[in-house]
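Line by line, the protein sequences are chains A, B, C and D. The letter at position 30 of the first sequence is residue 30 when you use our numbering, and the numbering goes up by one with no holes. The letter at position 26 of the second sequence is residue 26 when you use our numbering, and the numbering goes up by one with no holes. The letter at position 325 of the third sequence is residue 325 when you use our numbering, and the numbering goes up by one with no holes. The letter at position 252 of the fourth sequence is residue 252 when you use our numbering, and the numbering goes up by one with no holes.
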Amino acid sequence: MIVRDVICPFCGCLCDDLELETEGGRIVKVQNGCSLAEATFISDTRLPAPIRRTETGWEEISYDEAIRETAEILQDADRPLLYGWSSTHGEAQSIGVHIAERIGAVIDNTSTVCHGPSILAIQEVGHPGCTLGQVKNRADVIIYWGCNPIEAHPRHMSRYTTYATGFFVPDARRERTVIVVDTRRTDTAGIADEFVQVEHGGDYAVLSALRAIVRGKASVIPAKVAGVAKEQLIRIAEICKNAKFGAIFFGLGLTMSRGKYKNVRNAIELTDALNRHTKFVISPLRGHGNVYGSNEVFTWMTGYPFAVDFARGIAFYNPGETTAVDILRRGECDAALIVASDPGANFPRAAAAHLAKIPTVVIDPHVNATTALSRIHIPCTAAGIDAAGTAYRMDGVPIRLKKVIDRGYPDDAEILKKIYDLLNGGMGP
Amino acid sequence: MKFVLNTGRSVPQGAAVEHKGTEVYRTVSSACFLNPVDMMLLGIENGERVRVTTPAGHIVLTACPAEGVTQGECFVTIGPYANHIISSETHGTGMPDFKSQRVDVEPTEEPLKSVGELMEEIGGLRYDSA
Amino acid sequence: MTEIRVKNACVIDPIRGINGEIMDIAIRDGRIVESVSDRAEVIDAGRCLTLPGGIDSHTHVSGTKVNFGRYMSPEDMRAGRTKRKGKMHVTSGYYVPTTFGNSYRYSAMGYTTLLEGAMAPLEARHTHEEFTATPHQDMLANTLFDGNWAVMDAVREKDVRKTAAVVAWTLKAARGYGIKLTNPGGTEAWGWGEDLTGIQEMVPHFAVTPAEIITTMMRANELLGLPHSVHLHCNNLGKPGNYQTTLDTFDIVPDLNPDRQTLYATHVQFHAYGGGTWKNICSRAEDITRSINSKSQIVIDMGQIMFGRTMTMTADGPMEFNLHCLHNNKWSNHDVELETGSGIIPVTYSKKSAVNCIMWAIGLELALLTKNPWQCLLETDNPNGAPFVKYPEIIGLLMSKRYRDEECATLHAETEKRTSLCALERELDWHDIAVMTRAGQAKALGIVSQGKGHLGIGAEADIAIYPIRTDSVDPAREYRKVVEGFQKTRYTIKRGRVVSRDGEIIVDGANATFWVDAKVPEDLMMENDPEFIKRFEQFYTVRMSNYPVQDVYLPRGRRIETEAFT
Amino acid sequence: MRVILESKVRAKPNLPIEAEAIIPRNFLKGTDLLVYEGNKERTLSELFWIFVEGTAVAPENIEVVLKGDTSRIKRVGEYMDTGSIIIEGDIGMHCGNFMSGGTIEIRGNADSWLGREMRGGTILCRGNASHYCATGYRGEKKGMQGGKVEVSGNTGDFCAEYLAGGTVHIHGSTGDFPGVEMRGGELIIEGDATRPCGNMKNGSCVILGTVHDMLPTFEKTGQQVLPEWKITADVYKGDVANRGKGTLMVACRSLSRQTP
């Protein structure tokens with residue numbers, strides 16, 4: 001059976017033009033998707049049943065047993081951490097927030113090690129952006145700063161920017177100037193009209209220099225800034241000022257390097273300054289399929305996009321204090337529920353190691369690195385494959401993921417709802 | 001030799017990210033890309049192993065030449081191998097130093113570890129699904 | 001079978017011509033009925049003021065733009081925090097509260113139905129998800145068409161039927177309620193960083209003028225027989241001297257509908273400025289109200305501002321950027337492909353600023369100079385002018401000349417010279433207020449037939465009982481009591497269930513979403529129009545099949561079918 | 001009157017304690033105050049041995065002394081307006097935030113957000129202060145607005161971010177971006193600093209040690225002798241990228257260029 005217009009749940013592009021062929025309840029062919037989509041849909045090996053760790057190894061247990069024990073673990077924890085949420089749909093995320101509120105937990109999503117710093121910058125200066133269709137239809141200058149879409153978002157350039165045919169940009173590539181700024185000469189740098197190689201940790205200085213040049217204060221700038229020649233900076237500033245519609249896309253090159261959110265703030269203020277000359281927008285390339293969805297759900301329910309601490313009964317937010325890596329690094333949490341993510345692989349050693357010291361429960365379709373650190377792993381559906389639900393694209397457009405096949409797994413929203421009901425009084429006082 | 005560790009995504013890493021027990025994933029995420037000149041200075045060839053050390057710990061990786069990596073830097077895809085040696089300091093922002101960790105790289109003969117072994121080193125117990 | 005009898009209620013129900021009669025109200029299974037058995041639970045209203053549930057006809061409480069306002073201001077989120085208590089979830093935020101914050105605070109003030117002021121069709125799914133998380137009010141969504149490419153093409157071809165067909169398809173896809181035009185044409189010009197300066201100026205590339213968009217959309221609206229009229233945010237918002245644009249717009253409004261207005265002009269305070277620069281800006285409320293008083297086919301809402309911090313958020317991208325260049329505070333912008341734009345910036349309205357004081361005065365002048373209260377509704381374009389929790393203060397100001405004088409004394413000296421507020425003696429009465437906060441909205445939105453805005457037999461049992469004894473409170477002198485009385489109801493009943501008692505929420509809500517399904521003849525169904533489909537697939541970044549909002553997003557959807565082209 | 005609080009050994013020592021109730025004024029009414037351990041409410045006596053010496057009728061005469069392992073106790077001295085607090089060991093985050101008067105002396109190290117959004121009063125930290133020393137809350141336009149913070153040791157990153165008023169005096173070195181987004185007040189760093197005063201709007205900053213990675217958008221306007229610090233300093237105006245009118249004075253020495 002052919003299923004059309006399927007949404008790939010892997011990365012923030014949420015490409016929604018895939019065609020899948022299914023046979024006997026399994027997906028056998030993927031069309032229009034990139035190789036990441038193929039891997040997501042086809043080689044989808046799952047943990048067959050819930051498992052629990054014993055002294056010597058692992059044993060299979062029933063869903064009811066796993067759910068009840070999870071509720072018991074969370075019920076009497078003094079500072080439980082609920083982490084992940086980015087690869088599942090909005091319905092599960094909402095129940096997660098209700099659980100965190102009910103047991104006075106800290107709830108955080110994967111933006112804390114991805115675009116959390118971009119959120120901090122937006123909270124200082126705002127976010128002049130737009131949906132990807134505006135860029136596709138109008139942009140004649142595209143800047144990729146500190147990101148490598150060819151590797152991380154393979155179809156970004158063909159669906160939304162460089163190679164996309166736009167209403168006002170019918171000749172696509174020929175009418176667009178592509179600038180790539182990075183410390184590394186990536187494949188994306190290979191297709192750029194202008195490649196700016198910045199010294200390590202020098203993004204902030206280069207951005208400040210560009211802002212000064214755009215403000216007409218080029219005289220203040222020295223001959224070289226973080227390894228970039230002043231002439232190249234002036235040339236870039238001219239290209240941007242003369243654009244009809246400019247779009248900056250930035251990635252973890254800004255959020256993870258020295259200065260963290262200050263780099264992103266500087267890039268947003270550059271966009272702001274350019275808006276006094278022409279139309280300019282800026283957007284982060286969000287990594288996970290529905291990480292932006294977890295930000296949106298957390299925000300309309302608690303007021304904050306990530307790192308929310310309910311210990312005092314109210315929602316408290318302070319990245320650096322209530323963020324998952326900090327709470328694990330300080331050994332503060334005494335129980336953890338990991339949903340739809342893999343901190344065992346993505347967190348620094350000291351933070352991941354703490355998960356092994358406390359009762360940790362994982363709810364995820366696949367065996368991952370965190371499984372080894374956990375006490376219980378409950379397999380569930382994978383959003384976009386055998387579970388439908390809402391996901392938010394990297395530019396905020398909400399799309400409904402499709403349930404393409406059924407593999408007999410319970411939806412993680414169902415599992416979380418059962419846990420929530422037990423916590424809500426189903427278990428006595 | 002002193003380097004700055006840079007991490008990031010790659011298509012092979014993304015494709016194998018949901019199957020961390022596999023050989024493919026291990027090869028992909030334990031590759032350490034170095035500038036060919038640096039590899040010459042270290043006296044190592046493509047595919048030989050290096051021991052990368054930081055105050056947080058050490059890890060054995062496979063060296064691979066890459067033109068795009070500048071001298072003084074090394075690039076490893078995000079994953080348990082790179083994170084085995086990255087500090088959990090977040091400078092009050094919640095974000096660790098995934099792209100500015102200072103490392104020491106030396107050639108070595110030690111074997112590559114599996115993801116399961118890395119997890120067991122930090123207190124976990126490997127689960128080998130059927 | 002749940003039965004309630006509210007006895008001893010001092011009811012004002014303008015739609016049914018009841019003005020302060022002591023009576024009983026019988027409720028069964030969420031509806032108002034003739035009578036109930038003696039097993040019914042009895043609520044003694046103690047001769048207190050009892051009104052139909054409040055209706056807000058222009059508020060920003062859900063959707064991408066509002067959530068962006070929360071997302072970018074943790075400093076406001078921490079300014080309004082409350083703990084989880086009983087049925088009440090945690091809330092955060094003062095001028096842009098979280099969804100539960102909005103729902104609880106509106107319920108405490110007796111509001112039971114809200115119209116979300118702006119929803120981009122491409123992001124409608126987000127608005128509906130937040131509707132479900134605003135459990136105590138029935139929700140309706142104004143759907144943005146101001147920069148819609150398909151509409152502008154149809155308008156250029158002067159094809160009202162085609163325009164109506166695009167509107168019908170989009171409203172159904174977005175599960176929207178009415179047509180919203182925000183700075184028509186201007187948001188498309190903002191796609192290139194420009195704006196339009198008048199309603200006769202051409203939109204770049206699309207060769208249509210705002211005037212043409214407005215007039216064609218009004219005709220399409222009536223052709224489809226939509227319950228609500230076109231909901232317009234005029235061009236040139238917030239610019240000194242923009243009153244002329246507003247008057248020009250009012251002049252092209254025909255009278256096409258006997259039952260309700262043909263145009264709903266929103267937050268007109270922001271569009272009633274005389275002068276030419278920020279230095280000599282003055283009030284033109286008299287000119288605007290003279291035009292309204294002579295045109296029964298127009299209904300406006302005040303767009304009142306109140307002093308203090310708040311957040312401006314509107315689809316009018318260019319206006320927000322101009323404001324940003326003045327205030328130099330944070331600025332967010334989110335243009336939506338092929339449809340509209342949006343901008344968000346925090347502002348502080350200060351009594352030290354002559355401009356802000358004049359804006360404050362203009363809002364009140366509009367309400368006091370509009371003869372017929374049904375034509376000027378009490379709104380603050382929440383949160384742009386002020387958070388909705390300040391409505392009671394506005395009611396107090398409108399009912400008490402003394403309160404206005406005391407406030408005017410604390411304002412900038414220029415206020416007296418450049419506005420006529422201080423000279424206005426009129427004091428609105430309880431009946432006027434009931435019109436301007438629920439009855440007027442119900443009529444303007446066309447939801448009277450849905451049982452909203454009145455307490456007649458068969459109406460939805462949405463009732464607000466305020467701790468005010470109209471027989472013993474003189475609003476002109478004791479305005480403090482009026483303000484306090486409207487802040488917290490003794491009881492708020494929603495669809496026959498007591499939802500809030502003395503400001504505390506006591507049930508998990510279950511709200512409904514009203515949306516319009518306008519039937520169009522076969523040949524005008526856009527889903528069969530190859531040209532429309534081709535353009536959609538080529539220039540949108542989502543597939544046409546993934547665009548419409550699925551029914552799962554409206555667990556308690558209330559479809560309103562209209563018969564077009566009769 | 002002196003109130004001595006000695007922290008008890010706890011089953012879960014890493015659990016954070018939020019003790020905003022520990023301010024001199026509250027002890028006028030006695031010592032049955034409430035604090036939070038993780039998500040559980042505790043009485044003061046559950047977490048501290050409490051000793052009270054003498055009596056006081058006015059809060060300014062109350063001195064609170066914290067002993068034992070207090071490194072995980074947060075928000076001590078919040079909204080403090082008078083009296084004094086002495087912390088013998090290390091102190092947790094948000095010590096002295098929203099402070100408007102009185103003095104806090106920390107003999108050990110202070111965790112992040114020391115003196116957040118201070119209005120007045122004095123904080124003296126003998127050890128090191130972690131990140132965000134003397135700053136504001138996320139999204140606010142102003143950080144510290146008055147009072148004095150003095151750190152004998154070093155600080156972490158973003159010291160004195162959004163400084164709007166008052167004095168911040170760091171005897172040791174700071175991390176990255178001290179004085180970033182500064183808009184008023186005075187920042188003195190006797191040790192080294194990296195990328196000081198990024199995006200500065202106003203206010204003045206003096207650095208006696210070495211500046212690493214000076215930002216390219218500061219305009220050198222001359223030199224000036226600073227007798228109180230016995231140095232001659234290069235005077236910079238900036239941050240030009242932000243139309244800043246701040247003053248950054250760096251002791252004359254070769255600016256080191258190497259990336260840290």
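All C-beta atoms in this analysis are idealised placements derived from N, C-alpha and C, irrespective of residue type, glycine included. None of the values given here were measured: they were computed from a predicted structure.
N- and C-terminal bounds of the beta strand (DSSP E) containing residue i
| i | result |
| --- | --- |
| C252/D | Run containing C252/D: none; DSSP gives neither H nor E here. |
| V299/C | I298 to D301 |
| K279/A | K279 to P284 |
| L20/A | L18 to E23 |
Reference residue i, options the options, closest by Cα
| i | options | result |
| --- | --- | --- |
| K201/D | G184/D, G222/D and G108/D | G184/D |
| Q261/C | D508/C, T489/C, K443/C and V498/C | K443/C |
| A241/D | P216/D, K12/D and M249/D | P216/D |
| L377/C | E320/C, Y264/C and Y491/C | Y264/C |
| G83/D | R25/D, K142/D and D111/D | R25/D |
| T143/C | A386/C, V516/C and E365/C | V516/C |
| K614/C | I447/C, G86/C, M311/C and D316/C | As shown, chain C starts at 1 and ends at 566. That puts residue 614/C outside it, with no answer to give. |
Bridge-paired residues (DSSP) for residue i
| i | result |
| --- | --- |
| I104/D | I85/D and I123/D |
| F388/C | DSSP output for F388/C lists no bridge partner at all. |
Beta-carbon proximity of residue i to residue j, cut-off 8 Å
| i | j | result |
| --- | --- | --- |
| G246/D | G203/D | yes |
| F33/B | V69/B | yes |
| W331/C | P128/A | yes |
| L42/B | V103/B | no |
| Y420/A | R102/A | yes |
| R116/D | N128/D | no |
| L140/C | L445/C | yes |
| I142/A | R176/A | yes |
| T457/A | G246/A | Given a span of 1 to 429 for chain A in the structure shown, any question on residue 457/A remains unanswerable. |
is_contact[residue i, chain C] using C-beta, thresh 8 Å
| i | result |
| --- | --- |
| L132/A | yes |
| G202/A | no |
| N295/A | yes |
| G139/D | yes |
Residue i: CB within 7 Å of a non-hydrogen atom of the ligand MN
| i | result |
| --- | --- |
| G108/D | The ligand MN is absent from the structure shown, which contains no ligand whatsoever. |
Closer than 8 Å to chain A by CB, residue i
| i | result |
| --- | --- |
| S112/D | yes |
| G198/D | yes |
| A233/D | no |
| K2/B | no |
| H19/B | yes |
| V103/B | no |
| H126/C | yes |
| G124/B | yes |
Limits of the alpha helix (DSSP H) - the one that residue i falls within
| i | result |
| --- | --- |
| P80/B | P80 to N83 |
| Q134/A | L132 to R138 |
Interface flag, residue i vs chain D, CB-CB below 8 Å
| i | result |
| --- | --- |
| H91/B | yes |
| L5/B | no |
| P74/C | yes |
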